[in-house]
Amino acid sequence: MSRLIVVSNRVAKPSNTGGSQGGLAVGVLAALSKEGGLWFGWNGKISNNEESNVEIDRRGNIDYATVSLKKNEYNHYYKGFANSVLWPLFHQRPELMRYQKADFLGYHSVNKKFAQHLLNFIQDDDTIWVHDYHLIPLARQLRQLGVKCRIGFFLHTPFPPYDLLRAVPEYREILRELMHYDLVGFQTESDARGFRESMRLSLEASVVNDVVHCGSETTLVKVYPIGIETDSTPNLVAKGKESKDYQRLAHSLGGRKLIIGVDRLDYSKGIEHRFIAYEKLLQQRADLLRQMVYLQVAPTSRGDVQAYDDFASRIDRTAGHIIGTYADFDWMPLRYLNRGFRRNTILAMYQLAQVGFVTPLRDGMNLVAKEYVAAQNPEDPGVLVLSKMAGAAAELDAAVLVNPYDTEAVAKDLARALEMPLDERRDRWQKMMKVLHKNDIYTWQENFLNDLSKPRVPSNQLQNFEVATLSVS
Ligand SMILES: O=P(O)(O)OC[C@H]1O[C@H](O[C@H]2O[C@H](CO)[C@@H](O)[C@H](O)[C@H]2O)[C@H](O)[C@@H](O)[C@@H]1O
Ligand SMILES: O=c1ccn([C@@H]2O[C@H](COP(=O)(O)OP(=O)(O)O)[C@@H](O)[C@H]2O)c(=O)[nH]1
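Position one of the sequence shown corresponds to residue 1 (UniProt numbering), numbered consecutively onward.
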C-alpha cells in the first residue's frame, strides 16, 4: 500500500494540540493517526537563519517533517496573501482584502520552497494530500520538479462564486494551479459549484459529471464534508471532566443554564453579531436574566493581521458594553475569555452547556458545531443553534438553523433553544448523531483517498464521453 504524505501549512504534533490550532489540524491529525504516514508543513517558527533545516520527528505512526519561515516569507505568504487576500475573499469579505503583488509573489516562493524540501521525502508510489488555501500552487511546483505520484487537494474554507473570485487579480492562475491536482475536494456542494462555474466562465473548461476538463488537464472535483471522531468523543469528554478548568466552570454555574460559543477570534465567526443577538435577548426577556450565562471562548488568531486586530477591539467593546449594562454584583450575563483551552476540556464544557451557540457569517465546515452535538449527554442533550452559513448546516439540518445577520430572529431562536422540551431536544440530537456517525473523520479520509487512488480520466476519453452524452440526449 502506498504511503500517505499530508502537506498543510499548520502541523499539529500531539503534544501541541492543547490550544487553538483550528479544525484543520484537529481533523488531519485524527485522519493520519489511523494509517500513519508523513506530515509536512510549517513548524510555526520564524527564523532568519540562512540554512533553514527540516526538523524531523516521529510520534507514534506519524513522521513529522517541518520547516520554519523567514520573517519576510511569513509576512508575504501567511500574513499577506493567504490571510489578507485569500481568507477574506473566500469568506466573501472582499472589503477586508489587502492586496499587494509582493504578497502574491512571496506566496509562490514559499510554495516553491515547500516543494523543494518535500521532494527529498517523496517516493514513487506515495500519495500526496495537500490541505488548504495556503498551498494551492504546490502541485504545479511538485510537477515541475518531476513528481509523478497522485496529488490531491482539499479546501477547508468556502470557495467563492466567480464574481467574487475575480477580485483577486491572479484568479485565473489560481484556477489553473488547482487543475494540476488529480482530485480537488470541497466541504460543500456550493463551494464545488463556485469552482466549476469559475472554471467554465474564465477558462472555458467543460464539466462532465464530476470531472473538470481544461486544455490537456482533467481533474476530479467532489465534495467531502469533514467529520469528527464521533465514537471517541464520549471518552474525550470524560477525560476533559477531570480538568480543573472544567470543574471550576461547572461549580461556578450555580444551576444557571449555560450557552457556549467557541471560536478562534476571527471576523468570519460572527461573534460580534452573536453578542448583539444575545443583548437583544437580555433586553426582551427580563425573566431570563440571572437564569443563564453565556460563555464565549475566543483565543486570539492571526493577531498581527490588521483586520483581526480591528475585530478584536470591536469584540472587547461589545463585550464590555453588555457586561457594563447588565451585570450585577452576583451575576455576569457574559463571560468572554480571550484564550484557548485543551480540546478535551472544551469538549467537556460543551456537555455542560444547554445551548451550543455557533453563528459564523461564513465557515468552511465548523467542527465546533459537530463536536458540540457529539459531546452531549444522550439522556439530556443540549440544543445546537447553528448558522445557515456554516458548511456544517448542510448536514446538521436538525439543528436550530439561523441567519446570523438577523439578530432579532437569532435572539428568539436562542430563547427557544433554552426552553426546548426534552422530547424535541432528543429527537433533534438523534437525527444529528446519525449524520455524525455516518460521516466521521475516518469516512472523510477514506472517501477522499479512495477517489484519489482512481486513475485520472484521460482528456481524449472525456471528450468522447461528452459527445456520446450529447448525442444520446
Ligand atoms: O492556522 P491558523 O491560521 O492558526 O488557523 C487555523 C485554521 O483555520 C481554518 O480552519 C478551517 O478548517 C476547519 C476544518 O476543516 C473547518 O471546520 C473551518 O471551517 C475552516 O475555517 C483554516 O482553514 C486552516 O487552514 C487553519 O489551520
Ligand atoms: O480553545 C480552543 C478553541 C478551539 N479548539 C478546537 O479548535 C477546532 C476549531 O475548529 P473549527 O472547524 O470549528 O474552526 P477553525 O478554527 O478551524 O476555523 C475545534 O476542534 C475546537 O474544539 C480547541 O481545542 N481549543
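Backbone N, C-alpha and C define an ideal beta-carbon position, used for all residues, glycine too.
Per DSSP, reduced to three states, the secondary structure at Leu220 is strand. Within the DSSP bridge table, the entry for Ala65 names Phe40 and Ile56 as partners.
His180 counts as buried, since at least 16 other C-beta atoms from the protein chains shown sit within 10 angstroms of its C-beta. Relative to ligand 2, Gly227 has its C-beta separated by 6 Å or more from all heavy atoms. In chain order, the residues positioned with their C-beta nearer than 6 Å to some heavy atom of ligand 2 are Ser20, Gly22, Gly23, Leu24, Val26, Val262, Arg264, Val297, Pro299, Gly340, Phe341, Arg343, Ile346, Met365, Asn366, Leu367, Val368 and Glu371.
Short of 6 Å from the beta carbon of Tyr326, and not among the five residues preceding or following it, lie these beta carbons of its own chain, in chain order: Leu282 and Pro333. In this model, Asp191 and Glu408 are separated by some 28 Å (Cα to Cα).
Bridge partners of Trp331 according to DSSP: Asp328. For Gly227, the three-state secondary structure derived from DSSP is coil.
If you look at Tyr350, you'll find it in the alpha helix (DSSP H) that goes Arg343 to Leu352. Rounded to the nearest angstrom, the Cβ distance from Phe186 to Val223 is 5 Å, consistent with a contact under 8 Å. Going by beta carbons, Asp57 and Leu38 fall outside the 7 Å limit.
Asp124 carries a coil assignment under DSSP once its states are collapsed to helix, strand and coil.
Judged by DSSP secondary structure, Tyr294 falls within the beta strand (DSSP E) whose first and last residues are Met292 to Val297. Taking the CA atoms as reference points, Met292 sits about 34 Å from Pro88. Arg93 has its CB no nearer than 6 Å to any heavy atom of ligand 1. DSSP places Leu414 in the uninterrupted alpha helix (DSSP H) bounded by Thr407 to Leu418. When distances are taken from the beta-carbon of Arg200 to the heavy atoms of ligand 1, even the shortest one reaches 6 Å or more. Distance from His131 to Ser8 at the Cβ level is roughly 4 Å; contact confirmed, criterion being Cβ atoms closer than 8 Å.
Beta-bridge partners of Val385 (DSSP): Phe357 and Val400.
Within the DSSP bridge table, the entry for Asp363 names Ala390 as partners.
With a cutoff of 7 Å on beta-carbon distance, Ala415 and Arg335 are scored as not near each other. Judged by their CB atoms, Leu418 and Ala250 are not nearer to each other than the 7 Å cut-off. Taking the Cα positions, Gly320 is about 53 Å away from Cys214. For Asn235, no beta strand (DSSP E) run applies; the uninterrupted alpha helix (DSSP H) run containing it begins and ends at Thr233 to Gly240, by DSSP.
With 16 or more other Cβ atoms from the protein chains shown falling within 10 Å of its own Cβ, Ala411 counts as buried. Taking C-beta atoms under 8 Å as the contact rule, Ala392 and Met420 fail to qualify, at a distance of about 19 Å.
Per DSSP, Ser8 lies in no alpha helix (DSSP H); the unbroken beta strand (DSSP E) holding it starts and ends at Leu4 to Arg10.
Taking 7 Å as the cut-off, the beta carbon of Phe90 is found closer than this to the beta carbon of Pro158. A distance below 7 Å separates the beta carbons of Ser2 and Asp126.
DSSP lists no beta-bridge partner residue for Arg193.
Relative to ligand 1, even the nearest heavy atom lies 6 Å or more away from the CB of Thr127. With a beta-carbon spacing of about 21 Å, Ala398 and Val237 fall beyond the 8 Å limit used to define contacts. DSSP, read as helix, strand or coil, puts Lys454 in coil.
Between the C-alpha atoms of Ile174 and Asp330 there is a straight-line separation of about 55 Å. Among the bridge pairs identified by DSSP, Ser206 is matched with His213.
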